[in-house]
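Counting from 24, one number per residue, gives the positions in the sequence shown under the working numbering. In this text, a Cβ means the ideal position worked out from N, Cα and C, and glycines have one as well. What follows is a short report on a single structure.
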Amino acid sequence: MDVLDIGKGVVVDLLSGKMPEMEVIALLMSRLLGSAIVFMSCIIKLPQIMAVLKAKSAEGLSITGFETELVAYTLTFAYGLHFNLPFTGYGESILMSAQDVVLLALVYKYAKTPTSHVALATSAYAGGLAVLLSGQLGDGIMSVLSGASFVTIMFARIPQIYQNFATGSTGQLSIFSYLITVFGGSVRIFTSITDNAGQTMVIGYMIATSMNFVIALQILFLGNKGGQGKAASAVKKKPAAKKVKEAPKKKAKKVETSDSESSESEEPAPVRRSLRKRA
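This is the structure we're talking about:
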C-alpha cells in the first residue's frame with residue numbers, strides 16, 4: 024500500500040470517530056519514517072565529500088572501508104528491487120551508493136591510489152552490479168546475498184575503527200554524516216520489523232548501526248588530533264631554537280667585556296699615572 028492510501032484511510036477513520044488499528048498506524052509511521060530517511064540520504068554524504076574537497080586530503084579515510092560499504096549498499100538495494108519491497112524500505116541505499124562512488128573517486132585521487140587498483144575495483148563493481156540487476160538470480164541466492172551485505176558493512180567499519188584507534192585521530196571523517204547514519208539505522212530497524220523485511224535485515228541494521236555509533240563516538244572524542252598535535256609541537260619548537268641561537272651571542276658579549284676589563288687591568292702602572300695626569 025502507498026503511504027498516501029494508508030494516510031487517507033487513517034484520516035477517514037478518525038473523521039468518522041473510529042480509532043484506526045495499531046497495525047495501520049505502525050505501518051503509516053514506518054512509511055513516513057522511511058520516506059524521511061530516503062530524503063535525508065540525499066545529503067548524508069555531502070558533508071564528508073565537502074570535507075575532503077576543502078582539505079584536499081583523504082587523511083583518516085579507509086579505502087577498504089568505503090569500498091566494502093559500497094558493496095553492502097549495492098547488495099541491499101538489489102535485494103529490495105528483487106523482492107519488490109516499498110521504495111521507502113531501501114531507497115536510501117541507491118542514493119548512498121551513488122554518493123559513495125563520488126567519495127571513492129575523491130579518495131582515490133587524493134590518496135594517489137595506483138591506477139591498477141582503481142581499474143580492478145571499478146570493473147569488478149560494474150560486473151557485479153550487472154549480474155545483480157539481471158534478474159537471473161533466485162530468491163534463495165538474493166536472501167543469502169542480503170545477509171552477506173550486513174556482514175560486509177561490518178567488515179567495512181572494522182578497518183576504519185582500527186585505523187582511528189591506531190592513529191589516535193579520525194582525520195577528515197564528518198560527525199554530521201555519521202550521526203545521521205546512526206539515526207537512520209535506528210529508524211530502519213523499526214521499519215524493517217513493520218515491513219516484514221525479515222530477521223536478516225533487522226539483525227543487519229542493528230550491527231551496522233552499532234558500528235556507525237562507535238565511529239561517531241571516535242569522531243567526538245578523538246577528532247583530528249593527529250595533524251593538530253604535529254602543528255602545535257612544530258610551533259613550540261621554533262621559539263626554543265631562537266633562544267638557543269641568541270644565547271651564544273650574549274655569552275660572546277660577556278667574554279668581550281671581560282677581555283677588555285682584563286686588558287685594562289694588565290696595563291703598566293706608570294702608563295696609568297701618565298694618563299691620569301693628562302686627564
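Every unbroken alpha helix (DSSP H) inside the region 160-243 [4 residues or more]: Segments of the alpha helix (DSSP H) lying fully in the region 160-243: 162-190, 198-217.
Tyr133: first and last residue of the uninterrupted alpha helix (DSSP H) it sits in: Bounds of the alpha helix (DSSP H) holding Tyr133 are 114-133.
Touching by the beta-carbon criterion (3+ pairs, under 8 angstroms), the region 141-160 and the region 186-200: Flag = no, the region 141-160 and the region 186-200 do not touch.
The region 52-62 contacting the region 151-166, beta-carbon criterion three pairs below 8 angstroms: In short, these stretches do not touch, since the Cβ pair count stays below three.
Cβ neighbours of Gly170 in the same chain (closer than 6 angstroms, five flanking residues each side left out): In the same chain as Gly170, and ignoring 5 residues on each side of it, the C-beta atoms closer than 6 angstroms to its own belong to Thr223, in chain order.
Sub-9 angstroms separation of Ser120 and Phe106 beta-carbons: Taking 9 angstroms as the cut-off, the beta carbon of Ser120 is found no closer than this to the beta carbon of Phe106.
Other residues of its chain near Leu243: CB distance less than 8 angstroms, five sequence neighbours each side excluded: Closer than 8 angstroms at the Cβ level, and outside the excluded window around Leu243, lie Ile198.
Cβ separation of Phe173 and Asp123, assumed to be a contact under 8 angstroms, to the nearest whole Å: Incorrect: roughly 16 angstroms between the Cβ atoms, too far for contact.
Chain-order list of residues whose beta-carbon lies under 8 angstroms from that of Lys260 (same chain, five-residue window excluded): Residue placement at Lys260 is poorly supported in this model, since its pLDDT is 45, which falls under 50; the coordinates are not used for a value here.
Start and end residues, alpha helix (DSSP H) containing Phe110: Note, Phe110: premise wrong, no alpha helix (DSSP H); not H, not E.
Coil, strand or helix - Gly376 by DSSP: Here the chain comprises residues numbered 24 to 302, so residue 376 is not present and cannot be evaluated.
Distance, Thr97 Cα to Val47 Cα: Spanning the two alpha carbons is a distance of roughly 30 angstroms.
Extent of the continuous alpha helix (DSSP H) to which Lys77 belongs: Element bounds for Lys77: 69-78.
At least 3 beta-carbon pairs within less than 8 angstroms: the region 125-134 vs the region 67-85: Because the criterion of three Cβ pairs below 8 angstroms is met, the region 125-134 and the region 67-85 touch.
Where Met63 sits in the DSSP three-state scheme: DSSP places Met63 in the helix class (H, G or I) of the three-state scheme.
Sub-9 angstroms separation of Leu156 and Val75 beta-carbons: Contact flag unset, no.
Contact under 9 angstroms by Cβ, Thr214 with Leu104: Leu104 is positioned such that its CB atom lies no closer than 9 angstroms to that of Thr214.
Close Cβ partners of Ile86 (< 8 angstroms) along its chain, the five nearest in sequence each way excluded: The residues are Leu127, Val130, Tyr131, Ala134, Thr136.
Proximity winner among Arg211, Leu245, Ile230, relative to Val61 (alpha-carbon distances): The shortest C-alpha separation from Val61 is found at Arg211.
C-beta atoms of Asn64 and Gly191 nearer than 9 angstroms: It should be noted that the sequence gives Ser, not Asn, for residue 64. Against a cut-off of 9 angstroms, the Cβ pair of Gly191 and Ser64 comes out as no contact.
Gly183 and Ile238 closer than 9 angstroms at C-beta: Looking at the sequence itself, residue 183 is Gln, so the reference to Gly does not match. The Cβ atoms of Gln183 and Ile238 sit closer than 9 angstroms to each other.
Residue burial classification, Lys31 (beta-carbon count within 10 angstroms, cutoff 16): Exposed, because fewer than 16 other Cβ atoms sit within 10 Å of the Cβ of Lys31.
Val346, buried or exposed, once every other Cβ within 10 Å from all chains shown has been counted against 16: Missing from the structure shown is residue 346; the chain here goes from 24 to 302 and no further.
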